[in-house]
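If you read the sequence shown in the working numbering, its first letter stands for residue 1, the second for the next number, and so on.
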Amino acid sequence: MYKTIFIAGINRSGGSLLARLFDGHKNLASYPLEIPFLHDNSFFKIFENYAGIPMTVPSKFDGNVSSISKHLYSGGYSRDPLPNKDKIYDSLSTHNLLDVPIKRPVIEAKWGKEKSDILGVRRNYLEKSFYDNVQTNFNYKIFIEKFNEYSSKADNWETLHNARHKAYFESWDNGENINNNTSHIVMHDSGGLYLTNIEDFFRIYKDSRIIVPIRDIFGYIASEKIRLARRFFGARRFNRPQVPWFLIKKFSSYDLKAKIRSWTCSVTRANLLQRKFGVNKNLLIYNNERLVQNPELVMKAFAENIGIEFDNILLKTTIGKRNWGGNSHYGKSEGINKSAQTNYKKVLDLNEIKIIEDSVGKLREKIILSKEPFLDLTQFEENLFEDFNYQKKYFNDKEKITLYYSLVNTGGRRTLVTKPTYLTIIAYLFSIFVRIYHIPRMLKLKFFPGLGKQNYT
1 MYKTIFIAGI NRSGGSLLAR LFDGHKNLAS YPLEIPFLHD NSFFKIFENY
51 AGIPMTVPSK FDGNVSSISK HLYSGGYSRD PLPNKDKIYD SLSTHNLLDV
101 PIKRPVIEAK WGKEKSDILG VRRNYLEKSF YDNVQTNFNY KIFIEKFNEY
151 SSKADNWETL HNARHKAYFE SWDNGENINN NTSHIVMHDS GGLYLTNIED
201 FFRIYKDSRI IVPIRDIFGY IASEKIRLAR RFFGARRFNR PQVPWFLIKK
251 FSSYDLKAKI RSWTCSVTRA NLLQRKFGVN KNLLIYNNER LVQNPELVMK
301 AFAENIGIEF DNILLKTTIG KRNWGGNSHY GKSEGINKSA QTNYKKVLDL
351 NEIKIIEDSV GKLREKIILS KEPFLDLTQF EENLFEDFNY QKKYFNDKEK
401 ITLYYSLVNT GGRRTLVTKP TYLTIIAYLF SIFVRIYHIP RMLKLKFFPG
451 LGKQNYT
């Protein structure tokens, strides 16, 4: 039985980097895409997807799908900001719940309709490999056959999930990314911090880990701003054609205070989780900037805690054992890019920086100045956490705290409606240029799907 390493952060917090550092180790098999737990709409009817909505481990599964609450549904097909209701499963089955599609996923080849791949890998395509040209393949038929075989005797959720892991990695590149030494499966989800039943996670997945990355708030907000600005200018994921940095810096049609709330809320939750589950045991919290500055220190600490031998491969970023060019909005990078820590200055203006500093400057400083490989947030003064008392008050009331997280985080990725300005005209003209620029790519994707890259951000 594989042990689970679940990198559970919020969006743009650095979890992808850690997953890629884990990727090459002989004892670890790391998924090439984000793997969420089941979305849980028993608290409210979920109509959006963002970090803050509830996810749940189906702790009552006993081998019969009817033992799973009908309020749970797969997180995979609902990754989009506005989930397509037609693709959210109406019926419960182990295939549906674990994102094992009965039919081979169809590649969307229409402008604006491109979506993340439910399996994350197909011929010459890897979900998190935005800037790399890769040669890879996934045997869909073998995956289905193996999953059916391995899952047929599963009588608990860990065994069923283990069947999915084993079938998946054995079907990817003829099993090159899993071997007899593999002891841990690495999962990552940018909404995983808001898993509603972490106590059940630790009970079901024996000797497993939840790892929470905390990124510098400047880098976090800057990355979110770039994402929204690129949508505004019609550029989407790819850095070509590049929206000039000065235009992104001018972009202000987003809710800065909502982004500050999202970051603060996540750090406060991480603090309270440490108070409940302990510090540096099965729950590990680290600062992304510390990892970037001193990867050897942090990765050695991870290796010791997890119980694997440290190897220099843990300092190299790979995806499916291949070199990884990153998934940063700033473009392709070679390995760990230390200069990225100051990139926020390209897109945040002085007023935005001042607002952030006035709001959480002292808490940010405490996190940044920590020299340890892992963070112990319980040692920080409570008054540094702006929403500490609210979260602490409701923390053990699952329904109230779940609604609180959903409310606090809603709207973080929406653009604000403003009257048209010169920037609106520039954005319209730039979007036309982008679409023309991408015509060759779209043709390649349509007629040679193994060669064309998708662009869905």
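Glycine included, every Cβ here is placed at the ideal spot set by N, Cα and C.
Among Y428, G9, K70 and K26, the one whose alpha carbon lies nearest that of R230: In the sequence shown, residue 230 corresponds to position 230, counting from 1. Closest option to R230, Cα to Cα, is Y428.
On a CA-only basis, which of N139, T424 and G219 is nearest N519? Give me that one, please. Residue 519 lies beyond the residue range present for the chain, which begins at 1 and ends at 457; the question has no answer from this structure.
Just to confirm, is the Cβ distance from T378 to R269 under 8 Å? As a working mapping, residue 378 is identified with position 378 in the sequence shown. As a working mapping, residue 269 is identified with position 269 in the sequence shown. Contact flag unset, no.
Measuring only the C-alpha atoms, how far is P105 from E34? The residue you call residue 105 lines up with position 105 of the sequence shown. The residue you call residue 34 lines up with position 34 of the sequence shown. C-alpha separation (whole angstroms): 17 Å.
CB of D99 within 8 Å of CB of L72, strictly: Along the sequence shown, one-based indexing puts residue 99 at 99. Along the sequence shown, one-based indexing puts residue 72 at 72. Contact: no.
Length of the line joining the Cα atoms of K393 and L363: Taking the first residue of the sequence shown as position 1, residue 393 is located at position 393. Taking the first residue of the sequence shown as position 1, residue 363 is located at position 363. So the alpha carbons of these two residues sit roughly 21 Å apart.
Looking at the secondary structure, which residues open and close the alpha helix (DSSP H) in which P502 lies? Nothing about residue 502 can be read from this structure; the chain reaches only from 1 to 457.
So, do the segment 380-396 and the segment 18-29 have three or more beta carbon pairs nearer to each other than 8 Å? no
Could you give the uninterrupted runs of the beta strand (DSSP E) lying entirely in the segment 20-54, keeping only those of 3 residues or more? 28-30 and 38-40
What residues in its chain sit with their C-beta under 6 Å from that of K113, if we drop five residues either side in the sequence? Walking along the sequence shown from the start, residue 113 turns up at place 113. So the list is empty, once near-sequence residues are dropped.
Could you give the distance in angstroms between the alpha-carbon of G120 and the alpha-carbon of K128? For the purposes of this step, residue 120 is identified with residue 120 of the sequence shown, where counting begins at 1. For the purposes of this step, residue 128 is identified with residue 128 of the sequence shown, where counting begins at 1. Answer to the nearest angstrom: the Cα atoms are 8 Å apart.
V417 classed as buried or exposed, judged by whether at least 16 other C-beta atoms fall within 10 angstroms: Start at 1 with the first residue of the sequence shown, and residue 417 comes out as number 417. By the 10 Å Cβ count, V417 comes out exposed.
Using the three-state DSSP reduction, which class does H184 fall into: helix, strand or coil? For the purposes of this step, residue 184 is identified with residue 184 of the sequence shown, where counting begins at 1. Residue state, collapsed to three classes: strand.
Residue from G412, F43 and L423 whose Cα sits closest to the Cα of Y50: Reading the sequence shown from its first residue, position 50 is the one you call residue 50. Checking every option, the nearest Cα to that of Y50 belongs to G412.
Using three-state DSSP, classify D189 as helix, strand or coil. Within the sequence shown, the letter at position 189 stands for residue 189. Note: D189 maps to strand in three-state DSSP.
Enclosing beta strand (DSSP E) for V212 [first to last residue]: Here residue 212 corresponds to residue number 212 of the sequence shown, with the count starting at 1. Looking at the DSSP string, the run of the beta strand (DSSP E) that includes V212 is R209 to I214.
Starting from the Cα of R299, find the closest Cα among R164, K103 and I211 and give me that residue. For this step, residue 299 is matched to residue 299 along the sequence shown. Note that residue 299 corresponds to Met in the displayed sequence, not to Arg. Taking only the C-alpha atoms, the option nearest M299 is I211.
Whole-number beta carbon distance between H329 and R227, since they are thought to touch under 8 Å: Against the sequence shown, residue 227 aligns to sequence position 227. Against the sequence shown, residue 329 aligns to sequence position 329. Between H329 and R227 the Cβ distance is about 6 Å, and since that is below 8 Å, they are a contact.
Got a sec? Which residues, its chain only, sit under 8 Å from M1 by beta carbon, not counting five neighbours each side? Position 1 of the sequence shown, counted from the start, is the residue given in the question as residue 1. These residues qualify, in order along the chain: E158, T159, N162 and K206.
Please list the terminal residues of the continuous beta strand (DSSP E) segment that includes L283. Along the sequence shown, one-based indexing puts residue 283 at 283. Run containing L283: L283 to N287, per the beta strand (DSSP E) assignment.
State the DSSP-derived secondary structure class of A154, mapped to helix, strand or coil. Within the sequence shown, numbered from 1, the residue matching residue 154 stands at position 154. Note: A154 maps to coil in three-state DSSP.
Tell me A163's beta-bridge partners as DSSP assigns them. Position 163 of the sequence shown, counted from the start, is the residue given in the question as residue 163. The partner list for A163 (beta bridge, DSSP) is empty, contrary to what the question assumes.
Report the CB separation of S74 from L38 in whole angstroms; it is logged as a contact under 8 Å. Locating residue 74 in the sequence shown gives position 74, where the first residue counts as 1. Locating residue 38 in the sequence shown gives position 38, where the first residue counts as 1. With 8 Å as the limit, S74 and L38 qualify as a contact, their Cβ atoms being about 7 Å apart.
Could you compute how far the alpha carbon of N280 sits from the alpha carbon of R12? Residue mapping note: residue 280 aligns to position 280 of the sequence shown, counting from 1. Residue mapping note: residue 12 aligns to position 12 of the sequence shown, counting from 1. Answer to the nearest angstrom: the Cα atoms are 23 Å apart.
Using only the alpha-carbon positions, how far apart do V267 and I214 sit? Residue mapping note: residue 267 aligns to position 267 of the sequence shown, counting from 1. Residue mapping note: residue 214 aligns to position 214 of the sequence shown, counting from 1. Approximately 7 Å between the Cα atoms of the pair.
Put G378 into one of helix, strand or coil per three-state DSSP. Counting from one through the sequence shown, the residue named residue 378 turns up at place 378. A quick correction: the sequence has Thr, not Gly, at residue 378. The answer is helix: DSSP assigns T378 an H, G or I state.
Output the distance between the C-alpha atoms of D189 and F22, rounded to the nearest integer angstrom. Within the sequence shown, residue 189 is the residue found at index 189, counting from 1. Within the sequence shown, residue 22 is the residue found at index 22, counting from 1. Their Cα atoms are separated by approximately 15 Å.
In three-state terms, what does DSSP make of K461? Residue coverage of the chain in this structure runs from 1 to 457, which leaves residue 461 outside it and unanswerable.
Anticipated Cβ contact below 8 Å, T410 with P54, distance rounded: Here residue 410 refers to the residue found at position 410 of the sequence shown. Here residue 54 refers to the residue found at position 54 of the sequence shown. About 13 Å; that fails the 8 Å criterion.
Counting along the chain, where does the alpha helix (DSSP H) carrying Q274 start and finish? Here residue 274 refers to the residue found at position 274 of the sequence shown. Where Q274 is concerned, the enclosing alpha helix (DSSP H) stretches over L256 to F277.
Nearest-angstrom Cα separation, counted from S42 out to E296: Here residue 296 refers to the residue found at position 296 of the sequence shown. Here residue 42 refers to the residue found at position 42 of the sequence shown. Approximately 43 Å, taken between the alpha carbons.
E365 lies in the alpha helix (DSSP H); which residues open and close that run? The residue given as residue 365 occupies position 365 in the sequence shown. It spans L350 to L369 - the alpha helix (DSSP H) in which E365 sits, taken as one unbroken run.
Per DSSP, what are the beta-bridge partners of Y422 in this structure? Here residue 422 is taken as the residue at index 422 of the sequence shown, counted from 1. Note: Y422 sits in no beta bridge, so no partner.
If we ignore side chains and look at the alpha-carbon of each, how far apart do Q135 and F44 end up? Here the question's residue 135 lines up with position 135 in the sequence shown. Here the question's residue 44 lines up with position 44 in the sequence shown. Each residue's alpha carbon lies about 43 Å from the other.
Compare the beta carbon distance of M187 and I5 with 8 Å and say whether it is the shorter of the two. Position 187 of the sequence shown, counting from 1, holds the residue named residue 187. Position 5 of the sequence shown, counting from 1, holds the residue named residue 5. In this structure, I5 lies closer than 8 Å to M187 by Cβ.
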